[in-house]
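All residue numbers for the sequence shown refer to numbering that gives the first Met the number 0, where the first residue is 0 and numbers rise by one.
Don't be surprised by glycine CBs; every beta carbon is placed ideally from N, CA and C.
For clarity, every value in this text was computed on a predicted model and none was experimentally measured.
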Amino acid sequence: MKLSGVDTVDIAPGELIRWNLAPTAADCTADVNTSENEKFHLDATRRDGRAGWLALTIDLAENIAVDELTRAIRSMIDRHEVLRCHFDDGEQGWRRRRLAPDAFDAVPHIVTQTADLTEHVLAGIDATCSPLTVLGHFVAAVRRVSSTTVVLGFDHCFVDAYSLAVIAKDFVDDLRERAVEAPLSYLDVRRIEESSTPRVDSSDEHVRAWGEFLAANDWHVPAFPLDLGLGAGETAPVRTDVRTLVSGRETDRFDQAIHARGARIYPLLLTSLAQAVRDVGGPDELPTILPVHTRHAPGARRTVGWMVANVPIRLLGASALPGDDLTINSARLAAALPLAEIGLTPVYAAYADLIRPSRHDVFMISYLDYRRTDLPKCAVTQQISATRATDTAQLWFWRDHDGIHLRTRHPDTSTAARTIDDVLGALSDRLRELSADGQRVG
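Here you go:
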């Protein structure tokens, strides 16, 4: 899997086919409450008109017939119940609506575009993907003499990054007419979550841990601590930086160095980033938010839906003894992960009056190992994220069979570009040194 932004993606020219999706029967109410993520997202959609989407491209080294693509598209939407859902804003709040399987048409048509093909596709995704529209997905393919690029865009309300990996594998298996395992429905997962999520108040230890984190950060939501060239209240368009930190041929040696320390890759990357930020003038501790998946129900690994929670952590980047940073951060990560169990609703209920907004966006760091997602080996897959004006930095580490990589989004200012390049240069130096001699982590 490759990660990109709208400013870094490039789709090769070809014949653009787009599928019009339309219901052929009435939808019905689904008696499943909105999740916390869904509610935040839907409220933002109501307020701003849009709230973000995710798209997937699947590059195949052959010309795929339109009929075969149509069959795979129909299977994808039938298989994953969440893709047949949308929301409306009723008197009682947000209400989930659902189409029955096979209650829709998927009609292909050739698109004549005058603009750059990539720009045309991105504009189509932006205009189409919505949680409020029945089948509000963007479905297209670019066909060439000896290759095909499938483009699938979804409002973030229906998918997360892990979902795109599931969809990619299923789609290719459908094209190859291989059997596809039936997934656990996202709506069933929501029912499980509703019955098992603990009801907590401000006395709960998880809520108190959030309070301690926020208090230590002067009740501010985490923001990137270095100068990005913006004053208070200012935002700028996003610039995306994508780079490989450890190449595929270097990963064996890198893994050996990590294992020699009894460490794991996730806390090591977090520690190395905290150290890199300090290397270029940042604080000794780096407060941030970590998105983590919540696919814990039996069978949920193949579920498509937005299944992510957030946990707070302060990453040490300047311990007195070599190696202490990694040891301490590994323990802090282990202690932070259970905080995902309660969600953010009780946190806001307990501390909303104390939280002091300082930035529009949140400084967050994500990690996903795509080697565990069974991506199709015969295709090149890519995730594209929607963009909007921002005022902080956000980072996505990921690993695949080609190595360890990082996508960074930050304000498109000259100051931010220099700052982020300095941080990522220091991060690369630290990882390169670890891979080369295996002598120092902290």
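C-alpha of A114 to C-alpha of V149: approximately 19 Å in a straight line. Using a Cβ distance threshold of 9 Å, I288 and V303 do not count as a contacting pair. In this structure, M363 and Q393 form a Cβ contact; the two beta carbons are roughly 5 Å apart against a cut-off of 8 Å. For W18, there is no enclosing alpha helix (DSSP H); the enclosing beta strand (DSSP E) covers residues 14-22. Looking at the DSSP output, K1 bridges to Q381.
Under DSSP, W52 takes part in a beta bridge, and its partners are D154.
For R198, the closest alpha carbon among the candidates G89, H258, T344, I63 is that of T344.
In this structure, the straight-line span from the alpha carbon of W218 to that of G342 is close to 18 Å. If only complete runs of 4 or more residues are kept, the segment 19-104 shows the alpha helix (DSSP H) at 35-47, 65-78, in order along the chain. Inclusion of V165 and S74 in the CB contact set at 9 Å is not warranted, their separation being larger than that value. Counting along the chain, no alpha helix (DSSP H) covers D399; the unbroken beta strand (DSSP E) around it starts and ends at 393-399. Annotated as proximal: R370 and H400, with beta-carbon spacing under 9 Å.
Note on geometry: alpha-carbon atoms of T239 and T372 lie some 25 Å from one another. Each residue's CA atom was taken as its position, placing R242 and A11 some 21 Å apart. By the Cβ-count criterion, S195 is exposed, with fewer than 16 other Cβ atoms from all chains shown falling within 10 Å of its own Cβ. Taking C-alpha positions only, T250 is separated from S434 by approximately 8 Å. Taken atom to atom, the span from the alpha-carbon of G281 to that of A334 is near 24 Å. For A60 and R78, the gap between their C-alpha atoms comes out near 25 Å.
When Cβ pairs closer than 8 Å are counted between the two stretches, the segment 271-285 is seen to touch the segment 416-428, the count reaching three or more. Annotated as proximal: T44 and L131, with beta-carbon spacing under 9 Å.
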